[in-house]
């Protein structure tokens, strides 16, 4: 009897261990994503659709900003990093130091929208230099009259995405210039809702964030056309102007970075394949601009070939389509 009891206990112990091992195994079948708040809507939309048919693979999508996402990614904490700008050299060096190789994949286009309060009846367009004057740290415009003499001498109230945001980084690069900063008296927030409330509630408010988010809040904001530096003509962001590059220099690619080690795992590859297959449809759904069908084929091949490193890091992409860069 004692022997039978011991055998039963041993069997029970093995059953518990086996159950624990199976649970742990299931818990490990995950795709962990973090990064840009701008890229989040498309990634979340793709992940939700993926989960409808792939219930054994659990996809988590976090929002730490592009910079915050790369910190986790380059420390091996995530499989995929959402980014609304190209990876920086210091981030790439951090990944290399930690043995993290990655595959860079553009998934859609977006434009940075410049917004003012709807009651603002004088700002009908801005040049790149005027936008810089409003947001720069050194000798910024204090009043609208400082920007254009015919505008009122009312104090400008600037609003900006937070400094961990890829949108912030892209604006710095495109408008302020590398090494520059946004003026310290701006209201900074990683939450686009906070920026919308601020600008819509402040007669002299002016700010910027992703065009897709403007589309969701267009009734409470006024969109400001930006004068194209090449043509001298004011251009509003739209599907056409972002995709063809005429909304310059504030159109940009949205990207995901996939760890090479993760890409070799079948469940991660399954998800990324699904992402690229559905990126066009889901980008339209959430208000972004898809790449061409041919571009998605080229990007898929880039992923299938595990082509690591950054194609875009050393290129001037301001207002330029990225699609041809991934062709054979």
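Residue numbers (the working numbering): 23 to 350. From the three backbone atoms N, C-alpha and C, an ideal C-beta is built for every residue, glycine too. From a predicted model like this one, the values you see are computed outputs, not experimental measurements.
Q: Check each candidate in 192, 128, 292 and 131 and name the one with the smallest Cα separation from residue 77.
A: 292
Q: To the nearest angstrom, report how far apart residue 145 and residue 333 are at their CA atoms.
A: 38 Å
Q. Does the beta-carbon of residue 200 have 16 or more other beta-carbons within 10 angstroms, so that it is buried, or is it exposed?
A. exposed
Q. Could you check where the beta strand (DSSP E) with residue 179 kicks off and where it finishes?
A. 179-183
Q: Please report the Cβ distance between residue 236 and residue 107, rounded to the nearest whole angstrom; I am assuming they are in contact, meaning their Cβ atoms lie under 8 Å.
A: Actually they do not touch by this definition, with Cβ atoms about 18 Å apart.
Q. Taking buried to mean at least 16 other C-beta atoms within 10 Å of its own C-beta, is residue 250 buried or exposed?
A. buried
Q: Find the nearest neighbour of residue 109 within the set 147, 158, 57 and 75, judged by alpha-carbon distance.
A: 57
Q: Alpha carbon to alpha carbon, how far is residue 280 from residue 327? Give it in angstroms, no decimals.
A: 13 Å
Q | Status (buried if at least 16 other CB within 10 Å, exposed otherwise) for residue 74 | A | exposed
Q | Minimum C-alpha distance to residue 305 - residue among 67, 54, 53 and 52 | A | 67
Q) Does the separation of the CB atoms of residue 248 and residue 136 fall below 8 Å? A) yes
**Q.** Nearest-angstrom Cβ-Cβ length linking residue 104 and residue 61, presumed shorter than 8 Å
**A.** 4 Å
Q) When you compare only the Cα positions, how much space is there between residue 130 and residue 297? A) 11 Å
**Q.** Cut-off 6 Å between Cβ atoms - residues of its own chain near residue 92, not counting five sequence neighbours on either side
**A.** 103 and 113
Q) residue 89 lies in the alpha helix (DSSP H); which residues open and close that run? A) 87-95
**Q.** Buried versus exposed call for residue 45 [16 or more other C-beta atoms within 10 Å across all chains shown]
**A.** Any reading at residue 45 needs caution, since the residue's pLDDT is 45, under 50, leaving its predicted position unreliable; the model's value is listed next. Residue 45 should be labelled exposed.
Q. Can you name the residues that DSSP bridges to residue 54?
A. 82
Q: Taking only the alpha-carbon atoms, compute the straight-line gap between residue 48 and residue 213 and give it to the nearest angstrom.
A: The predicted model places residue 48 with a pLDDT of 49, which falls under 50 and marks its position as unreliable; any figure quoted below should be read in that light. Their backbone Cα atoms lie some 33 Å apart in a straight line.
Q: Determine which residues share a DSSP beta bridge with residue 257 and list them.
A: 248
(Q) Distance check for residue 348 and residue 253, CA to CA, integer angstroms please. (A) 28 Å
Q: Figure out for me which residue from 202, 96, 230 and 169 has the closest Cα to the Cα of residue 215.
A: 230
Q) Whose C-alpha, out of 336, 162, 322 and 265, is nearest the C-alpha of residue 311? A) 265
Q: Helix, strand or coil for residue 61, going by three-state DSSP, please let me know.
A: coil
Q | Spatial distance of residue 173 from residue 183 (CA atoms) | A | 26 Å
Q: Report yes if the CB atom of residue 206 is closer than 8 Å to the CB atom of residue 159, and no otherwise.
A: yes
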